[in-house]
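Undergrad: Chains as they are written, first to last, in numbering that gives the first Met the number 0: chain A, 0 to 308; chain B, 0 to 168.
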Amino acid sequence: MYTNVHHATSNSGVVIRKTRGAYLIGSESDCIEGTLSNRLKNESDSHPVAVGDVVIWNEAAQITEVLPRRNWLSRRGAVPMPGGYAQEQVLVANVDRVIPVFAAANPRPAWNLLDRFLVSAESSEIPALICLTKMDLVEGSQQREIEAVASEYSTIGYEIVLTSTTSGRGLGDLKARLQGRLSALVGKSGVGKTSLLNAVEPGLGLRVQSTSKSTGKGRHTTSTSEIFALALGGAIVDTPGIREFGLWDVAEDDLAWFFPEMRPFLGRCKFRLDCRHDEEPGCAIRKAVVDGLISPYRYQSYLKLREDP
Amino acid sequence: MKTPFVTQRIYTRPGKINNASGDFVCCCCGAFVSVHVALSGVGNRNHCPYCLSSRHLDQFEPGDRLSACKARMKPVGLTFKRIAKKYSGHQGELMLVHLCEDCRKVSINRIAADDVVEMILSVLETSTGLDPDTRALLAQDGVMLLDAVQADLVRQCLFGINFAAALPG
Numbered sequence: 000m001y002t003n004v005h006h007a008t009s010n011s012g013v014v015i016r017k018t019r020g021a022y023l024i025g026s027e028s029d030c031i032e033g034t035l036s037n038r039l040k041n042e043s044d045s046h047p048v049a050v051g052d053v054v055i056w057n058e059a060a061q062i063t064e065v066l067p068r069r070n071w072l073s074r075r076g077a078v079p080m081p082g083g084y085a086q087e088q089v090l091v092a093n094v095d096r097v098i099p100v101f102a103a104a105n106p107r108p109a110w111n112l113l114d115r116f117l118v119s120a121e122s123s124e125i126p127a128l129i130c131l132t133k134m135d136l137v138e139g140s141q142q143r144e145i146e147a148v149a150s151e152y153s154t155i156g157y158e159i160v161l162t163s164t165t166s167g168r169g170l171g172d173l174k175a176r177l178q179g180r181l182s183a184l185v186g187k188s189g190v191g192k193t194s195l196l197n198a199v200e201p202g203l204g205l206r207v208q209s210t211s212k213s214t215g216k217g218r219h220t221t222s223t224s225e226i227f228a229l230a231l232g233g234a235i236v237d238t239p240g241i242r243e244f245g246l247w248d249v250a251e252d253d254l255a256w257f258f259p260e261m262r263p264f265l266g267r268c269k270f271r272l273d274c275r276h277d278e279e280p281g282c283a284i285r286k287a288v289v290d291g292l293i294s295p296y297r298y299q300s301y302l303k304l305r306e307d308p
Numbered sequence: 000m001k002t003p004f005v006t007q008r009i010y011t012r013p014g015k016i017n018n019a020s021g022d023f024v025c026c027c028c029g030a031f032v033s034v035h036v037a038l039s040g041v042g043n044r045n046h047c048p049y050c051l052s053s054r055h056l057d058q059f060e061p062g063d064r065l066s067a068c069k070a071r072m073k074p075v076g077l078t079f080k081r082i083a084k085k086y087s088g089h090q091g092e093l094m095l096v097h098l099c100e101d102c103r104k105v106s107i108n109r110i111a112a113d114d115v116v117e118m119i120l121s122v123l124e125t126s127t128g129l130d131p132d133t134r135a136l137l138a139q140d141g142v143m144l145l146d147a148v149q150a151d152l153v154r155q156c157l158f159g160i161n162f163a164a165a166l167p168g
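#1: Measure the alpha-carbon distance for Lys73 (chain B) versus Ala250 (chain A) and round it to whole angstroms.
#2: Using the C-alpha atoms, what's the distance from His35 (chain B) back to Asp95 (chain A)?
#3: Could you tell me whether the Cβ atoms of Trp71 (chain A) and Val50 (chain A) are closer together than 8 Å?
#4: Let me check understanding here. Comparing Cα to Cα, which of B:Leu38, B:Ile82, B:Cys68 lies closest to Tyr298 (chain A)?
#5: So Val97 (chain A) packs on Ala77 (chain A), CB below 8 Å; how close in whole Å?
#6: Helix, strand or coil: which one does DSSP assign to Ser106 (chain B)?
#7: With a floor of 4 residues, list each alpha helix (DSSP H) that falls wholly inside the segment 135-160 of chain A, ordered by position along the chain.
#8: For Ile374 (chain A), tell me which candidate among A:Asp135, A:Pro259, A:Phe227 has the shortest Cα-Cα distance.
#9: Span of the alpha helix (DSSP H) holding Arg365 (chain A)?
#10: Exposed or buried, Met143 (chain B), counting other C-beta atoms within 10 Å across all chains shown (16 or more means buried)?
#11: Looking only at its own chain, which residues have a Cβ that is under 7 Å from the Cβ of Lys174 (chain A), when we skip the five neighbours before and after it?
#12: With a cut-off of 8 Å on the beta carbons, I'd call Leu157 (chain B) and Gly76 (chain B) a contact; round off their distance for me.
#13: List, in order along the chain, the chain B residues whose C-beta lies closer than 7 Å to that of Pro81 (chain A)?
#14: What residue range does the beta strand (DSSP E) around Pro74 (chain B) cover?
#15: Per DSSP, Met94 (chain B) forms a beta bridge with which residues?
#16: Nearest to Cys99 (chain B) by alpha carbon, out of B:Leu51, B:Val115, B:Ala37?
#17: So, are the CB atoms of Thr238 (chain A) and Ser224 (chain A) less than 8 Å apart?
#18: Is the CB-CB distance between Ile55 (chain A) and Leu35 (chain A) below 8 Å?
#19: In chain A, which residues lie with their C-beta within 8 Å of the C-beta of Lys69 (chain B)?
#20: Given that Val379 (chain A) touches chain B, what residues does it touch there, using C-beta distances under 8 Å?
#21: Could you tell me which of A:Tyr296, A:Pro280, A:Val13, A:Ser300 sits nearest to Arg71 (chain B), measuring between CA atoms?
#22: Run through the segment 70-144 of chain A for me and flag every whole alpha helix (DSSP H) of 4 or more residues, listed as ranges in chain order.
#23: At the level of alpha carbons, what is the spacing between Gln58 (chain B) and Phe227 (chain A)?
#24: Between the Cα of Ser28 (chain A) and those of A:Ser209, A:Asn41, A:Ala287, A:Ser9, spot the shortest distance and give me the residue it belongs to.
#25: Looking at the structure shown, is Leu35 (chain A) part of a helix, part of a strand, or coil, going by DSSP?
#26: For Lys212 (chain A), does the count of other Cβ atoms within 10 angstroms reach 16, so buried, or fall short, so exposed?
#27: Rounding to the nearest angstrom, what Cα-Cα distance links Asp22 (chain B) and Leu302 (chain A) in this structure?
#28: From the DSSP output, in three-state form, read off Gln61 (chain A) for me.
#29: Go ahead and pull the three-state DSSP assignment for Ile284 (chain A).
#30: Verify whether the separation of the beta carbon atoms of Ile145 (chain A) and Tyr152 (chain A) is less than 8 Å.
#31: Closer than 7 Å between beta carbons: that is the criterion. Which residues of the segment 86-115 of chain B meet it against chain A?
#32: Over the uninterrupted alpha helix (DSSP H) stretch that includes Asp151 (chain B), give me the two end residues.
#33: Tell me which residues share the same chain as Asp65 (chain B) and place their Cβ nearer than 6 Å to its Cβ, disregarding the 5 neighbours each side in the sequence.
#34: Give me, in chain order, the residues of the same chain whose beta-carbon lies closer than 7 Å to that of Lys216 (chain A); leave out the 5 immediate sequence neighbours on both sides.
#35: May I have the straight-line CA-CA distance separating Thr125 (chain B) from Ala147 (chain B), to the nearest angstrom?
#36: For Leu177 (chain A), collect the residues of the same chain with a Cβ closer than 6 Å to its Cβ; drop the 5 residues on either side in sequence, then sort them by chain order.
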């Protein structure tokens, strides 16, 4: 059971599992199944409690208060009805690291989604560790391509680990990086988040499925977010597969700041901080891309996120 | 460097330059250009049919839109495609040579059906006066520009074998 937090009162603990309307809260002594109090329900339009939150509950096992978060990773929630407004959906809170997980193949990596995760992690000030799984499925030129992209992100400054649960590649490295921290696995369905967790902590025996043979996509096997404590110290939040990840609370003008390789060039454009880095003459970032200092793919990703956050 | 299929990293950008239809406004003459295949006769319209100017948008391969340069590419001359098509006679297809005004990247593009022929011929004329640096740059990229001696061949490509009859006057 994950209880590695300082509890404010005897009636406080960490939300370790969240299902529809019910929350499993781990305290120092035991685990309780709780629900939301009416006050919390009425105060927020969306789900006010996320996995990793430190909460206080009452005698009726109702969560009455969410203590201030250290950080949180959120996305733009689905619009409830046509013409409605999207709301913030908090995926995890109070984590030490977010781990975007991508498969080298089957399903093939969605690099633009990776950039979305990284921008969101940067805006939440959560360190990111990129994890590429299923490396045993690629060989030859495909493997070299994956490694070239991995090296590109590594050059930017992101930690990256290439793994395979079949061959065991990279698992030792991953375990060392997970030790003593609360990490959150995020990614598309079918990329192998739960398989990775099973490989890191073999006793868990969590349910996994192969990807669909007809569509090549995942089957949404994991449907709840849950924290799993690791024997080596630390814990992992396993989250359900994500199909879309819309940025939340990332201002258009701040977007370039969340691309670490662009930071040294900000303010050096002809129009200084008013530059959109798109069509403007004398743009330092465009020049850096042309000079090979910034990846054209990452720049394209920036433009895409600017237009469609 | 080619963008591989497996790790496809190209994103189609909606709106602006690469909008849903692909229509654009020429960065040089301001004319609205439709990319409809019924008008241009090509599936990859990449230059203005009126002034023949283009923009430096592609980096590694046609259509990837990965270039950050985005400067104007001016037409500097004409050339023939090296590999002749099966039914196109002795030489390859007549192509337009573009040069980026900013980073001086060379690009060779197909001539479209609605390109103004007078402009194409004027490009042929002005290409004879190109400065030695530009000529050296093109030679470095293996581009052999057509000169005035081959003007009849160009007219033949544009107007057909009996081009003399097709010319006004």
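For each residue, glycine too, the CB sits at the ideal point set by N, CA and C. Note that the coordinates shown come from a computational prediction; the quantities given were computed from them, not determined experimentally.
TA: Reading from the atomic positions:
#1: Looking up residue 73 (chain B) in the second sequence gives position 74. Looking up residue 250 (chain A) in the first sequence gives position 251. For Lys73 (chain B) and Ala250 (chain A), the distance between alpha carbons rounds to 37 Å.
#2: Translated into positions along the first sequence, residue 95 (chain A) becomes position 96. Translated into positions along the second sequence, residue 35 (chain B) becomes position 36. Approximately 52 Å, taken between the alpha carbons.
#3: Residue mapping note: residue 71 (chain A) aligns to position 72 of the first sequence, counting from 1. Residue mapping note: residue 50 (chain A) aligns to position 51 of the first sequence, counting from 1. Between Trp71 (chain A) and Val50 (chain A), the C-beta gap is not smaller than 8 Å, which leaves the two residues out of contact.
#4: The sequence position of residue 298 (chain A) within the first sequence is 299, counting from 1. For the residues B:Leu38, B:Ile82, B:Cys68, the minimum Cα distance to Tyr298 (chain A) belongs to B:Cys68.
#5: Here the question's residue 97 (chain A) lines up with position 98 in the first sequence. Here the question's residue 77 (chain A) lines up with position 78 in the first sequence. With a beta-carbon spacing of about 21 Å, Val97 (chain A) and Ala77 (chain A) fall beyond the 8 Å limit used to define contacts.
#6: The residue given as residue 106 (chain B) occupies position 107 in the second sequence. In the structure shown, Ser106 (chain B) falls within a strand segment according to DSSP collapsed to helix, strand and coil.
#7: The segment 135-160 of chain A contains these whole alpha helix (DSSP H) runs: 140-155.
#8: Because chain A here runs from 0 to 308, residue 374 (chain A) falls outside it and cannot be looked at.
#9: Because chain A here runs from 0 to 308, residue 365 (chain A) falls outside it and cannot be looked at.
#10: Here the question's residue 143 (chain B) lines up with position 144 in the second sequence. Burial call: exposed.
#11: Residue mapping note: residue 174 (chain A) aligns to position 175 of the first sequence, counting from 1. Setting aside the 5 residues that flank it on each side, Lys174 (chain A) is surrounded in the same chain by Val199, Leu231, each with a C-beta closer than 7 Å to its C-beta; the list follows chain order.
#12: Working through the second sequence from its first residue, we reach residue 157 (chain B) at position 158. Working through the second sequence from its first residue, we reach residue 76 (chain B) at position 77. Contact doesn't hold; Cβ gap of about 15 Å is too wide.
#13: In the first sequence, residue 81 (chain A) corresponds to position 82, counting from 1. Neighbours of Pro81 (chain A) in chain B, taken as residues whose beta carbon is under 7 Å from its own, are absent, since the nearest beta carbon is some 20 Å off.
#14: As a working note, residue 74 (chain B) is residue 75 in the second sequence. Where Pro74 (chain B) is concerned, the enclosing beta strand (DSSP E) stretches over 71-79.
#15: The residue given as residue 94 (chain B) occupies position 95 in the second sequence. Listed as beta-bridge partners of Met94 (chain B) by DSSP are B:Thr78, B:Arg109.
#16: Taking the second sequence and counting its residues from 1, one reaches residue 99 (chain B) at position 100. That would be B:Leu51, whose Cα lies nearest to the Cα of Cys99 (chain B).
#17: Residue numbering aside, residue 238 (chain A) sits at position 239 when the first sequence is read from its first letter. Residue numbering aside, residue 224 (chain A) sits at position 225 when the first sequence is read from its first letter. Yes.
#18: Within the first sequence, the letter at position 56 stands for residue 55 (chain A). Within the first sequence, the letter at position 36 stands for residue 35 (chain A). With a cutoff of 8 Å on beta-carbon distance, Ile55 (chain A) and Leu35 (chain A) are scored as not near each other.
#19: Here residue 69 (chain B) refers to the residue found at position 70 when the second sequence is read from its first residue. Chain A residues near Lys69 (chain B): Glu278, Arg285.
#20: Because residue 379 (chain A) is not part of the residues shown, which for chain A are 0 to 308, the question remains open.
#21: For the purposes of this step, residue 71 (chain B) is taken as the residue at position 72 of the second sequence. When each option's Cα is compared against that of Arg71 (chain B), the closest is A:Pro280.
#22: Correct list: 110-122.
#23: Along the second sequence, read from residue 1 onward, the residue named residue 58 (chain B) stands at position 59. Along the first sequence, read from residue 1 onward, the residue named residue 227 (chain A) stands at position 228. If I take the Cα positions, the gap works out to 45 Å.
#24: Position 29 of the first sequence, counting from 1, holds the residue named residue 28 (chain A). Considering only A:Ser209, A:Asn41, A:Ala287, A:Ser9, the residue with the shortest C-alpha distance to Ser28 (chain A) is A:Ser9.
#25: Taking the first sequence and counting its residues from 1, one reaches residue 35 (chain A) at position 36. Three-state result, Leu35 (chain A): strand.
#26: As a first step, residue 212 (chain A) is located in the first sequence; it is residue number 213 there, counting from the start. Lys212 (chain A) is exposed by the Cβ-count criterion.
#27: The sequence position of residue 22 (chain B) within the second sequence is 23, counting from 1. The sequence position of residue 302 (chain A) within the first sequence is 303, counting from 1. Cα-Cα distance, rounded: 19 Å.
#28: Residue mapping note: residue 61 (chain A) aligns to position 62 of the first sequence, counting from 1. Strand, per DSSP.
#29: Here residue 284 (chain A) corresponds to residue number 285 of the first sequence, with the count starting at 1. Helix.
#30: Within the first sequence, numbered from 1, the residue matching residue 145 (chain A) stands at position 146. Within the first sequence, numbered from 1, the residue matching residue 152 (chain A) stands at position 153. No, the Cβ-Cβ distance between Ile145 (chain A) and Tyr152 (chain A) is not below 8 Å.
#31: From the segment 86-115 of chain B, only Cys102 have a Cβ closer than 7 Å to chain A.
#32: Mapped onto the second sequence, residue 151 (chain B) falls at position 152. Counting along the chain, the alpha helix (DSSP H) containing Asp151 (chain B) begins and ends at 150-158.
#33: As a position in the second sequence, residue 65 (chain B) is number 66, starting the count at 1. Reading off the sequence, residue 65 (chain B) comes out as Leu, not Asp. Cβ within range, chain order: Gln58.
#34: For the purposes of this step, residue 216 (chain A) is taken as residue 217 along the first sequence, with counting starting at 1. Counting only Cβ-Cβ distances below 7 Å, and skipping sequence neighbours, we find Pro106, Ser188, Gly189, Thr210.
#35: By one-based count along the second sequence, residue 125 (chain B) stands at place 126. By one-based count along the second sequence, residue 147 (chain B) stands at place 148. In this structure, the alpha-carbon of Thr125 (chain B) lies about 10 Å from that of Ala147 (chain B).
#36: Residue 177 (chain A) sits at position 178 when you count from the first residue of the first sequence. Gly233, listed in sequence order.
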